[in-house]
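Worksheet: the structure to be examined is printed underneath.
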Amino acid sequence: MRTVTKVEELRAACDGARRAGLSVGLVPTMGFLHEGHRSLMQAAGRADDFVVVTIFVNPLQFGPNEDLAAYPRDLDHDAEVAESEGVAVLFVPGVTEMYPDPPRTTVHVDGLTDGLCGAARPTHFDGVTTVVAKLFAIVGPSRAYFGRKDAQQLAVVTRMARDLNLPVEVVGCPLVREADGVAMSSRNAYLDAEDRTAARVLSRALGAAADAVEAGERDAATLRAGIRSAIGEVDRVGLEYVEVGDAVDLEPVGTITGPVLIALAAQVGKARLIDNVGVTFRPDGTAHVDRGIAASTIGTVSVPSGSLPDPLPSESETPCAAG
């Protein structure tokens, strides 16, 4: 594995790989890698010949009073993880390499960024799309892998790539859960023992909503109320939002008639956590809920390119091959 820090080094490496007839897979991250990131690298490794992982804590996506300075970092561990997964190039640029001058150009995706996390973090997704557009431009024709835990981010990046005709196929991969059900996140490192116990209510509440949908419940207000009630019983958890939205445009729905995302965000101790489940429908009309996959299955389940488990359809109806 090569570790590079310069834009031109990464561009040259990717251009060279394509000249050699290799397909390129990109896994953009902010580091502090966990099993969810491993699953993205493994998806890329199954589908592509030359895998690039980027680690960049992007200041543009942090708002005032957010955790930019405190965001967890461990580059030595990250390099070990990437190398163990067969990554070809690890790109670790500094802020001045990505932004030599204060950027005057940003990328905004209208509508998809207004609700859910965008309501409380109004500048966040412009920061995400700006840095991802830069990475797509540097890496060039490729597949880029994102986990569905960050479902809004996946929807926004997918739409950006389509609208701008970028030569990148955005691939959404399953949300990964730890043994206690908590969705994997680098910010889980902020949780002390009591906060971690409290955080489990998020996946329990979503699981109960998933059970209700599979049993026939289709009223979004009823599902939201059930989630709020369950989370409201845990003092250490402050619910920011819970929403049932269309799986493609994320607009809130009143009645579930097609694929939807049931998503929430909450403050638990020092950590702002997000989680979701996706609902699709089988040909016979019964609901199927994508609750994510267990971290213990990472690296143990053989999943052919193009068919990672339980894909939530994107606008192109392309399953993983993947937030």
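Residues -4 to 318 in my numbering are what the sequence shown spells out, letter by letter.
Just so you know, even glycine gets a beta-carbon here, dropped at the ideal spot from N, CA and C.
Do V134 and V196 have their CB atoms nearer than 8 Å?
Stepping through the sequence shown from its first residue, residue 134 is reached at position 139. Stepping through the sequence shown from its first residue, residue 196 is reached at position 201. Contact: no.
Taking the alpha carbon of V52 as the point to measure from, which residue in Y66, L259 and H103 has its own alpha carbon closest?
To locate residue 52, count along the sequence shown from 1; it is residue 57. Of all alpha-carbon atoms in Y66, L259 and H103, the one lying nearest the alpha-carbon of V52 is that of Y66.
Span of the beta strand (DSSP E), counted from its first residue to its last, around A184
Mapped onto the sequence shown, residue 184 falls at position 189. DSSP places A184 in no beta strand (DSSP E); its state is neither H nor E.
Using beta carbons (cut-off 8 Å, strictly below), is F120 in contact with chain B?
No chain B appears in this structure, which consists of one protein chain only.
Between I269 and A146, what straight-line distance do the alpha-carbon atoms span, to the nearest angstrom?
The count along the sequence shown starts at 1 and reaches residue 269 at position 274. The count along the sequence shown starts at 1 and reaches residue 146 at position 151. Going from the Cα of I269 to the Cα of A146 covers about 9 Å.
Host alpha helix (DSSP H) of A258 (start-end):
The sequence position of residue 258 within the sequence shown is 263, counting from 1. Going by DSSP, A258 is part of no alpha helix (DSSP H) but of the beta strand (DSSP E) stretching over V255 to V263.
For H119, is the classification buried or exposed, using 16 other Cβ atoms within 10 angstroms of its Cβ as the cut-off for buried?
Residue 119 sits at position 124 when you count from the first residue of the sequence shown. Burial state of H119 is buried, judged by a 10 Å Cβ sphere holding 16 or more other Cβ atoms.
By Cβ distance below 6 Å, which residues in the same chain neighbour Y236 in space, the five residues on each side in sequence not counted?
Taking the first residue of the sequence shown as 1, we reach residue 236 at position 241. Take Y236, set aside five residues on each side of it, and the residues of its chain with a beta-carbon closer than 6 Å to its own are A260, in chain order.
Roughly how many angstroms separate the alpha carbons of P(-4) and G81, rounded to a whole number?
Counting from 1 along the sequence shown, the entry for residue -4 is found at position 1. Counting from 1 along the sequence shown, the entry for residue 81 is found at position 86. Looking at the sequence provided, one finds Met at residue -4 rather than Pro. Whole-angstrom Cα-Cα distance: 7 Å.
Out of R182, V248 and I226, which one is the CA nearest neighbour of E61?
As a position in the sequence shown, residue 61 is number 66, starting the count at 1. Of the listed residues, the one whose Cα sits closest to E61 is R182.
When every heavy atom of the ligand COA is checked, does at least one fall within less than 7 Å of the C-beta of N160?
As far as ligands go, the structure on display features none, and thus does not contain the ligand COA.
Within the continuous alpha helix (DSSP H) that includes F131, where are the two ends?
Mapped onto the sequence shown, residue 131 falls at position 136. Counted as a single uninterrupted DSSP element, the alpha helix (DSSP H) harbouring F131 occupies residues H119 to V134.
Please report how far the alpha carbon of V232 lies from the alpha carbon of A194, in whole angstroms.
As a first step, residue 232 is located in the sequence shown; it is residue number 237 there, counting from the start. As a first step, residue 194 is located in the sequence shown; it is residue number 199 there, counting from the start. Roughly 7 Å between the two C-alpha positions.
Quick check: the stretch 78 to 95 against the stretch 105 to 124, are there 3 or more CB pairs under 8 Å?
Remark: fewer than three beta-carbon pairs, one from each stretch, lie closer than 8 Å, so the stretch 78 to 95 and the stretch 105 to 124 are not flagged as touching.
Given 8 Å, three or more beta-carbon pairs between the stretch 147 to 161 and the stretch 273 to 286
Flag = no, the stretch 147 to 161 and the stretch 273 to 286 do not touch.
With DSSP as the reference, please indicate the residues paired to E164 in a beta bridge.
Residue 164 sits at position 169 when you count from the first residue of the sequence shown. Bridge partners of E164: R138.
Here's the rule: buried if 16 or more other CB atoms are within 10 angstroms of the residue's CB, otherwise exposed. What is T295?
Walking along the sequence shown from the start, residue 295 turns up at place 300. Residue placement at T295 is poorly supported in this model, since its pLDDT is 42, which falls under 50; the coordinates are not used for a value here.
What runs of the alpha helix (DSSP H), each 4 residues or longer, lie entirely inside the stretch 184 to 232?
188 to 209 and 215 to 227, all fully within the stretch 184 to 232.
With burial defined as no fewer than 16 other Cβ atoms inside 10 Å of the residue's Cβ, what is the status of T49: buried or exposed?
In the sequence shown, the residue the question calls residue 49 occupies position 54. T49 should be labelled buried.
Spatial neighbours of D241 within its chain, please: CB distance less than 7 Å, with the 5 preceding and 5 following residues excluded, ordered by chain position.
By 1-based counting over the sequence shown, the position of residue 241 is 246. Scanning its chain for C-beta atoms nearer than 7 Å, with the 5 sequence neighbours on each side dropped, one finds around D241 the residues V248 and V255, in chain order.
Nearest by alpha-carbon distance to V123: which of E3, Q148 and P136 is it?
Taking the first residue of the sequence shown as 1, we reach residue 123 at position 128. The residue with the shortest Cα to Cα distance from V123 is Q148.
For S311, I'd like the list of residues in its chain whose CB is within less than 6 Å of its CB, leaving aside the five on either flank, ordered along the chain.
What you label residue 311 is simply residue 316 of the sequence shown in a count that begins at 1. Low per-residue confidence applies at S311: pLDDT is 32, beneath 50, and the placement is therefore not dependable enough to give any value.
Return the CA-CA distance between I293 and S18, expressed in angstroms with no decimal places.
Residue 293 sits at position 298 when you count from the first residue of the sequence shown. Residue 18 sits at position 23 when you count from the first residue of the sequence shown. The alpha-carbon separation between I293 and S18 amounts to approximately 23 Å.
Cβ-based neighbour list, E246, same chain, cut-off 7 Å, excluding 5 preceding and 5 following
Reading the sequence shown from its first residue, position 251 is the one you call residue 246. G240, listed in sequence order.
Given that a residue counts as buried once 16 or more other Cβ atoms are within 10 Å of its Cβ, and exposed if not, what is S297?
By one-based count along the sequence shown, residue 297 stands at place 302. Confidence at S297 is low in this model, with a pLDDT of 33, below 50, so its placement is unreliable and no value can be given for it.
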